[in-house]
Amino acid sequence: MSTSADVLVVGGGPAGCAAGIAAARAGLRVLVVDRAAFPRPKTCGDAVSNRAAALIDELAAAPGVLRTIPHAEVRAGAAVFPDGSRVVHRFDDAPGFIVPRLHLDDLLRRSLERAGARLHQGVAVRRLLTAAGRVTGAEVDGPRTLEAEAVVAADGPGSVAWAALGVPYHRGSRLAVAITAYHRGVDFGPCAAT
Numbered sequence: 450m451s452t453s454a455d456v457l458v459v460g461g462g463p464a465g466c467a468a469g470i471a472a473a474r475a476g477l478r479v480l481v482v483d484r485a486a487f488p489r490p491k492t493c494g495d496a497v498s499n500r501a502a503a504l505i506d507e508l509a510a511a512p513g514v515l516r517t518i519p520h521a522e523v524r525a526g527a528a529v530f531p532d533g534s535r536v537v538h539r540f541d542d543a544p545g546f547i548v549p550r551l552h553l554d555d556l557l558r559r560s561l562e563r564a565g566a567r568l569h570q571g572v573a574v575r576r577l578l579t580a581a582g583r584v585t586g587a588e589v590d591g592p593r594t595l596e597a598e599a600v601v602a603a604d605g606p607g608s609v610a611w612a613a614l615g616v617p618y619h620r621g622s623r624l625a626v627a628i629t630a631y632h633r634g635v636d637f638g639p640c641a642a643t
């Protein structure tokens, strides 16, 4: 089975949705594929800076849209070091947000579909298709063929799309591990530079 689009976006997270929304608003036929099914929890820092919040408002075509889903507003952020010193950054012009990816990704998915793009969830890209020295689409689970004039690789670290193009994923000598937990009623004390 073959499906065609002007733009195929591999990855339906924030970057993939942003690319898909922009392309759909430009009048292109857009297909976004992601191996996950949405909404889904995703381990992430969940932080949305005030500048990113403004971009999300544009993508959703709804000012203040982050306030319509579960969130916490943030007016300052601090990094506290083992010696007790800290670096504080204040958001004076607009707040940042903490938004669980479960809710943020769902908001962006709905915005993507409202813009006219199609989203295929639970679909893993197996390989990119090439012809005459250019990427022409992808083979996905099924197996199915997705044909496109342009392919956007937005599938994150360890990207299948990047690997298919021969771009190596360098983890380097350092590895970060993330754990996500949500708490209520925690007193962090004053958030002031000392």
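Residue numbering for the sequence shown follows this note's numbering, starting at 450 and increasing by one per position. For every residue, glycine included, the Cβ atom is placed at its ideal position computed from N, Cα and C. Please read all numbers here as calculations on a predicted model, not as lab measurements.
Per the Cβ contact rule, the stretch 452-462 is in contact with the stretch 583-599 (3 or more Cβ pairs under 8 angstroms). Spanning the alpha carbons of residue 628 and residue 474 requires a straight line of approximately 36 angstroms.
Assigned with DSSP and collapsed to three states, residue 536 falls in strand. Contact annotation: the stretch 479-491 does not touch the stretch 517-537, with fewer than three C-beta pairs closer than 8 angstroms. Burial of residue 554 is indicated by the presence of at least 16 other C-beta atoms within 10 angstroms of its C-beta.
The three-state secondary structure of residue 563, taken from DSSP, is helix. Take the alpha-carbon of residue 580 and the one of residue 595: they are about 14 angstroms apart.
In the three-state scheme derived from DSSP, where H, G and I count as helix and E and B as strand, residue 603 is classed as coil.
Between the C-alpha atoms of residue 614 and residue 499 there is a straight-line separation of about 34 angstroms.
Beta bridge pairing from DSSP links residue 487 with no other residue.
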